[in-house]
Amino acid sequence: MNYRHVYHAGNFADVLKHAVLARIIVHLQKKETAFRLLDTHAGTGLYDLSSAEAQKTGEWRNGIGRILRAPLDPDNAALLAPWLAAVAAANGIDQVVPGAPFEPARLTVYPGSPMIARHMLRKVDRLTLTELHPADFTRLSTLFAGDVQVKTIELDGWLALKSFLPPKERRGAILVDPPFEQPDEFRRLADGLVDGLRRFAGGVFALWYPIKDEAETGAFHRALVETGIRKILRVELRTAQVEPGRPLTGSGLILVNPPWTLEAELGRLVPALAEWLATGRGAGGRVDWLVAE
């Protein structure tokens, strides 16, 4: 339990993960009925970019910092607008202009997935957050103290998939974003997906993973195919060629039961993200079906 996301908050992996999360929520909002979002590895919810930890790595500068300076075309600006509006709100900025949201110098904090989701909830929607790290949970629970739409629980995220599915709303999404500190995290991710779908077959599942070794990631994908699960969309972003033992340059999301227009949206957005966030040769992205319907 040594992983602390403040070192990585707002980096390229957060850009992909949070932009996709915001699009999922947008699609859930298209129906009037309530939904619940379960975030199994919630972290602290909000990260101070002026902290010694964030300043030490400065990863946000090549993530959200670049997006705020990117030449956003109208289509991709519209796709990113819900996420960027949540980032702006966390920084006390009232208005986001499509294509030119706000200057990076005005960025003092970066919202994690709990804050992004909370910003987007309607009054009928609910958010369940679980976090095992004691210090991080204290900060998370303090952040949402008194908020009747948010439930925070100090719990192992893998147990959350057993404890809180299906939600009583019978609609919703599940974000699984483990720290990948343990050598068997890919296996636990695949097993957690199978278990979660057994309880909530209609849920939208979003599973984040780092790409540190292409062979290891390929084995994970094959394991998912072998589960027999249908409608598995793979979304990956690389800012440079992935090299084992080097700093992280690739990450991905496995989306199960994605909203039907999401593939096309991400097919436009991910190549642009790869261009804006590239740091070296081998940068690129892909959006494809591991298993179709």
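Every position in the sequence shown, counted from 1, becomes a number in the numbering used here once 44 is added.
Backbone N, C-alpha and C fix where the C-beta goes; we use that ideal spot for every residue, glycine too.
query: Inter-residue spacing [alpha-carbon to alpha-carbon] between Ala63 and Lys167; result: 22 angstroms
query: Residue interval of the beta strand (DSSP E) (run including Asp332); result: 328-335
query: 8 angstroms contact criterion, which Ile273 and Ala250 should meet: CB distance rounded; result: At roughly 14 angstroms, the Cβ-Cβ gap does not stay under 8 angstroms, so Ile273 and Ala250 are not in contact.
query: Delimiting residues of the beta strand (DSSP E) encompassing Ser295; result: 294-300
query: Completely contained beta strand (DSSP E) runs for the region 71-130, where each covers 3 or more residues; result: 80-83, 90-92
query: Beta strand (DSSP E) segment containing Phe249, residue limits; result: 248-254
query: Cβ-heavy atom distance, Lys74 to the ligand FMN, below 7 angstroms; result: Among the components of this structure there are no ligands whatsoever, and the ligand FMN is therefore not found.
query: Cutoff 8 angstroms: Val220 Cβ touching any chain D Cβ; result: In the structure shown, chain D does not exist; there is a single protein chain.
query: Residue interval of the beta strand (DSSP E) (run including Leu281); result: 276-282
query: Collapsed DSSP secondary structure at Ala217 in the structure displayed; result: strand
query: Which listed residue (Glu260, Glu287, Ala308, Leu116) has its alpha carbon closest to that of Leu277; result: Ala308
query: Three-state secondary structure (DSSP) of Thr172; result: strand
query: Burial state of Thr293 (16 or more Cβ within 10 Å); result: buried
query: Bridge-paired residues (DSSP) for Lys195; result: Thr172
query: 8 angstroms Cβ cutoff met for Phe93 and Leu151; result: The displayed chain sequence assigns Leu, not Phe, to residue 93. Yes.
query: Start-to-end residues for the beta strand (DSSP E) that takes in Val314; result: No beta strand (DSSP E) holds Val314; the alpha helix (DSSP H) holding it covers 306-321.
query: Rounded straight-line distance, which links the Cα of Thr271 to that of Pro302; result: 18 angstroms
query: Which residues DSSP lists as bridging Tyr51, in chain order; result: None, per the DSSP bridge assignment.
query: Residues bridged to Val286 (per DSSP); result: Per DSSP, none; premise fails for Val286.
query: Trp304 burial status per 10 Å Cβ neighbour count (16 or more: buried); result: exposed
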